[in-house]
Amino acid sequence: MKSLTFSAMRRVMPRFAASFDSTSGMVRANGRYLRGKDLPGAGIQPDMPILGAAVNALPKAVREQLYIWSGWMEAIPPEKAGDIRAEEFSKWVVSEYPERDYPAVMIGSSNGAMTHLACAMGIPFLPQTFLIPVRQPQVHPDEPWHGMEEAKEPAHALLQANPELELHHMHDANQDRLMIERMTYFRTKRLTLGETYEQFLLDHLPEGGTIFLVECELKWPTTQIADRHIFQTGALGGATPEEFLHGGERVEEYLKRYGSHRRKWVAPEPDGDRPEAEWGFAPELREDLEKLARRRGYRIRRVVFDHPENVSPLVADLYRWWYRERQLPPNRLLAECFVIMDPWWAMRTGSAPYWMVFNKEESAENLEKYLDSAEAYDYIHMMLLSHGVESVGLVPIERWKSILDRGRKGGGFIGMEEEKYPRDFGVFARYNRDLSKIPARYAMPGPLPESQLDKFLEQSGDKYGVQWIEHPVAATV
Numbered sequence: 000m001k002s003l004t005f006s007a008m009r010r011v012m013p014r015f016a017a018s019f020d021s022t023s024g025m026v027r028a029n030g031r032y033l034r035g036k037d038l039p040g041a042g043i044q045p046d047m048p049i050l051g052a053a054v055n056a057l058p059k060a061v062r063e064q065l066y067i068w069s070g071w072m073e074a075i076p077p078e079k080a081g082d083i084r085a086e087e088f089s090k091w092v093v094s095e096y097p098e099r100d101y102p103a104v105m106i107g108s109s110n111g112a113m114t115h116l117a118c119a120m121g122i123p124f125l126p127q128t129f130l131i132p133v134r135q136p137q138v139h140p141d142e143p144w145h146g147m148e149e150a151k152e153p154a155h156a157l158l159q160a161n162p163e164l165e166l167h168h169m170h171d172a173n174q175d176r177l178m179i180e181r182m183t184y185f186r187t188k189r190l191t192l193g194e195t196y197e198q199f200l201l202d203h204l205p206e207g208g209t210i211f212l213v214e215c216e217l218k219w220p221t222t223q224i225a226d227r228h229i230f231q232t233g234a235l236g237g238a239t240p241e242e243f244l245h246g247g248e249r250v251e252e253y254l255k256r257y258g259s260h261r262r263k264w265v266a267p268e269p270d271g272d273r274p275e276a277e278w279g280f281a282p283e284l285r286e287d288l289e290k291l292a293r294r295r296g297y298r299i300r301r302v303v304f305d306h307p308e309n310v311s312p313l314v315a316d317l318y319r320w321w322y323r324e325r326q327l328p329p330n331r332l333l334a335e336c337f338v339i340m341d342p343w344w345a346m347r348t349g350s351a352p353y354w355m356v357f358n359k360e361e362s363a364e365n366l367e368k369y370l371d372s373a374e375a376y377d378y379i380h381m382m383l384l385s386h387g388v389e390s391v392g393l394v395p396i397e398r399w400k401s402i403l404d405r406g407r408k409g410g411g412f413i414g415m416e417e418e419k420y421p422r423d424f425g426v427f428a429r430y431n432r433d434l435s436k437i438p439a440r441y442a443m444p445g446p447l448p449e450s451q452l453d454k455f456l457e458q459s460g461d462k463y464g465v466q467w468i469e470h471p472v473a474a475t476v
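Residue numbers (numbering that gives the first Met the number 0): 0 to 476.
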């Protein structure tokens with residue numbers, strides 16, 4: 000008998016969690032797909048093209064202030080950190096998924112490509128990481144050391160109340176410059192499953208089912224502040240760890256452009272490389288999961304990769320292979336960025352989804368390398384995140400256009416006003432409508448069986464930088 004009825008829970012995110020975060024956006028995308036729905040507004044904003052046009056018509060400075068204050072409104076006061084309970088976030092996650100049995104479940108690092116794989120297989124994804132935005136208006140974006148010091152008290156309160164969490168306090172003055180004018184990023188990682196995730200597995204994953212443990216091994220130079228409290232200067236994106244810690248020509252130019260009093264960031268000295276705050280996997284969760292797997296006879300398959308985008312070519316090619324198996328044309332690519340994604344429309348239009356972390360040089364290079372090696376696409380469509388900052392490593396719109404030109408018959412940007420990029424905040428309200436204008440339409444398939452995934456992996460060999468490791472789970476005696 001099932002002891003918890005998750006469908007009876009209110010599907011409302013806890014007040015302390017960020018709706019603009021990668022994790023929450025991907026959970027919404029996965030949950031809505033499993034319910035047979037698309038994802039308007041990245042699950043954050045309503046699908047209102049008029050709203051998008053109105054926002055983009057505002058002067059640049061006003062648009063930036065709206066972006067800044069939208070983050071502040073979501074952030075919690077620092078004195079409320081001790082009131083947070085991680086289980087409330089887990090309850091929201093599982094409430095997003097239909098109340099039924101699943102042949103498998105994904106757990107671990109948030110990842111857009113793996114979200115598409117979960118949708119294709121008709122299974123839910125339980126993330127390890129989630130973001131708590133905390134108000135911190137007194138810290139200048141270019142003073143990471145000050146940000147670290149100011150956050151110690153709320154960090155201590157949060158961790159005292161949640162022994163199952165590890166806090167990765169992240170201060171990124173490059174791509175998050177606007178947001179951190181009024182708040183700071185508390186990224187937390189579950190070290191144990193917790194009651195809610197465990198009960199969800201017991202209720203909805205039958206004995207002998209598969210757990211795909213998603214482990215992104217991306218590391219970042221960090222500083223240990225206290226037990227389970229880590230500080231990270233910068234994050235994956237345009238600037239390198241070396242530039243965040245020691246500066247350089249690109250950083251100096253960027254800080255001058257924004258009128259900063261700094262010419263490089265003064266950051267705490269790192270004392271080790273640890274899992275990257277947003278995308279990296281904390282291995283303690285695997286140890287806890289093994290205990291449940293032994294009791295229930297679950298199979299654990301570790302999906303291990305060094306960089307979040309390593310999975311993107313694999314999933315795009317898997318979709319393409321699956322379309323061929325279903326006698327559909329595998330000729331359309333949909334390039335997505337951060338939380339600007341929609342698994343339902345990707346499948347409905349017969350598009351192979353290629354997920355990019357951000358709108359930065361590394362993502363553009365990885366997409367170009369993929370297109371160099373892949374069979375040419377007839378159509379390439381693209382959606383880009385606008386984060387409002389002309390940051391280090393930002394890819395100009397002309398380069399993105401050159402990638403689109405590689406479609407043999409056409410394609411184009413989805414939901415974007417090119418001249419507004421990277422301040423095209425209306426993209427959130429327009430991309431879903433524009434996806435529906437892609438003329439191709441195909442019947443939605445049943446779930447991709449694990450056996451079909453294995454067939455594709457067997458045929459692909461070692462082509463991708465992803466390991467699929469059968470993790471031994473000893474049965475309980």
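Backbone N, C-alpha and C define an ideal beta-carbon position, used for all residues, glycine too.
Original post:
Between which two residues does the beta strand (DSSP E) harbouring methionine 443 extend?
Top reply: Looking at the DSSP string, methionine 443 is not in any beta strand (DSSP E), and its letter there is neither H nor E.
**OP:** On a CA-only basis, which of Ser89, Leu403, Thr209 and Gly40 is nearest proline 483? Give me that one, please.
**Re:** Since the displayed the chain opens at 0 and closes at 476, residue 483 lies outside it and no answer follows.
Original post:
Where do the ends of the alpha helix (DSSP H) carrying arginine 293 lie?
Top reply: 283-295
Subject >> Buried/exposed call for alanine 7, threshold 16 Cβ in 10 Å >> reply: Note that alanine 7 scores 46 on pLDDT, short of 50, meaning its location in the model is unreliable; the coordinates nonetheless yield the value given after this. By the neighbour-count rule (16 or more Cβ atoms within 10 Å), alanine 7 is not buried but exposed.
Subject >> Limits of the beta strand (DSSP E) - the one that threonine 195 falls within >> reply: Premise fails: threonine 195 lies in the alpha helix (DSSP H), 193-203, not in any beta strand (DSSP E).
Subject >> Reduced DSSP category for isoleucine 229 - H, G, I as helix; E, B as strand; rest coil >> reply: The answer is strand: DSSP assigns isoleucine 229 an E or B state.
**OP:** Out of Leu313, Leu327, Ile396 and His228, point me to the one whose CA is closest to methionine 443's CA.
**Re:** The shortest Cα separation from methionine 443 among Leu313, Leu327, Ile396 and His228 belongs to Leu327.
**OP:** Count the other C-beta atoms from every protein chain shown that fall within 10 angstroms of the C-beta of proline 153, then say buried if there are 16 or more, exposed otherwise.
**Re:** buried
Original post:
When the Cα of serine 21 is compared with those of Ala315, Leu384 and Lys436, which residue comes out closest?
Top reply: Leu384
Subject >> Helix, strand or coil at tryptophan 467 according to DSSP, with G and I counted as helix >> reply: In the three-state DSSP reduction, tryptophan 467 falls in the strand class (E or B).
**OP:** Give the DSSP-derived three-state secondary structure of methionine 340 in the structure shown.
**Re:** coil
**OP:** Have a look at histidine 167 and glutamine 135 and give me their C-alpha separation to the nearest angstrom.
**Re:** 16 Å
Original post:
First and last residue of the beta strand (DSSP E) that includes glutamate 214?
Top reply: Its beta strand (DSSP E) spans residues 209-215.
**OP:** Closer than 7 Å by C-beta to leucine 447: which residues in its own chain qualify, once you throw out the five before and the five after it? Chain order, please.
**Re:** Ala119, Met120 and Trp321
**OP:** Please check if any C-beta of chain B sits within less than 8 Å of the C-beta of methionine 340.
**Re:** Here there is only one protein chain, and chain B is not present.
Subject >> Backbone CA spacing between methionine 381 and proline 39 [nearest angstrom] >> reply: Approximately 16 Å between the Cα atoms of the pair.
Original post:
Quick one: what's got a C-beta closer than 6 Å to threonine 222's C-beta in the same chain, skipping five residues either side?
Top reply: So the qualifying residues of the chain are Phe230, Pro267, Pro269 and Asp270.
Original post:
Does the distance from the C-beta atom of valine 104 to that of phenylalanine 304 stay below 8 Å?
Top reply: no
Subject >> phenylalanine 15 versus alanine 281 - alpha carbon distance >> reply: Straight through space, the alpha carbons of alanine 281 and phenylalanine 15 are spaced by roughly 22 Å.
Original post:
So who's on the other strand from tyrosine 353, going by DSSP bridges?
Top reply: Ala334
Original post:
Do you know offhand how far glycine 411's Cα is from tyrosine 353's?
Top reply: 15 Å
Subject >> Helix, strand or coil at valine 303 according to DSSP, with G and I counted as helix >> reply: strand
Original post:
Of all the options Leu164, Ile131, Ile299 and Pro97, which has the alpha carbon lying nearest to the alpha carbon of histidine 203?
Top reply: Checked all of Leu164, Ile131, Ile299 and Pro97; the closest Cα to histidine 203 is Pro97.
Subject >> Closest by C-alpha distance to alanine 160, when choosing among Lys79, Thr128, Met169 and Tyr196 >> reply: Put simply, of Lys79, Thr128, Met169 and Tyr196 the residue whose alpha carbon is nearest the alpha carbon of alanine 160 is Lys79.
Original post:
Between the Cα of glycine 258 and the Cα atoms of Ser23, Tyr378, Ile131 and His139, which residue gives the shortest distance?
Top reply: Minimum Cα distance to glycine 258 is reached at His139.
**OP:** Pick helix, strand or coil for glutamate 165, following the three-state DSSP scheme.
**Re:** strand
Subject >> Member of Glu149, Lys400, Thr114 and Glu416 whose CA lies at the smallest distance from the CA of glycine 409 >> reply: When each option's Cα is compared against that of glycine 409, the closest is Lys400.
Original post:
Straight-line CA distance for alanine 373 to proline 329?
Top reply: 12 Å
Original post:
Along the chain, where does the alpha helix (DSSP H) that runs through tyrosine 322 open and close?
Top reply: Looking at the DSSP string, the run of the alpha helix (DSSP H) that includes tyrosine 322 is 310-324.
**OP:** For methionine 489, count neighbouring Cβ atoms within 10 angstroms of its own Cβ and tell me buried if that reaches 16, exposed if not.
**Re:** A query on residue 489 cannot be resolved here, the shown segment of the chain reaching from 0 to 476 and no further.
Subject >> For methionine 415, the nearest candidate out of Asp404, Ala428 and Asn110 (CA to CA) >> reply: Selected option, being the one with the closest Cα: Ala428.
**OP:** Go to phenylalanine 185, then tell me how far its beta strand (DSSP E) extends in each direction, as first and last residue.
**Re:** Going by DSSP, phenylalanine 185 is part of the beta strand (DSSP E) stretching over 182-189.
Original post:
In or out: aspartate 226 buried (at least 16 other Cβ within 10 Å) or exposed?
Top reply: exposed
Original post:
For arginine 398, is the classification buried or exposed, using 16 other Cβ atoms within 10 angstroms of its Cβ as the cut-off for buried?
Top reply: exposed
Subject >> Integer Cβ distance of proline 342 from tryptophan 264, believed to fall under 8 Å >> reply: Not quite, the Cβ-Cβ distance comes to about 37 Å (not below 8 Å), so this is no contact.
Subject >> Distance between glutamate 248 and valine 92 (C-alpha atoms, nearest Å) >> reply: 43 Å
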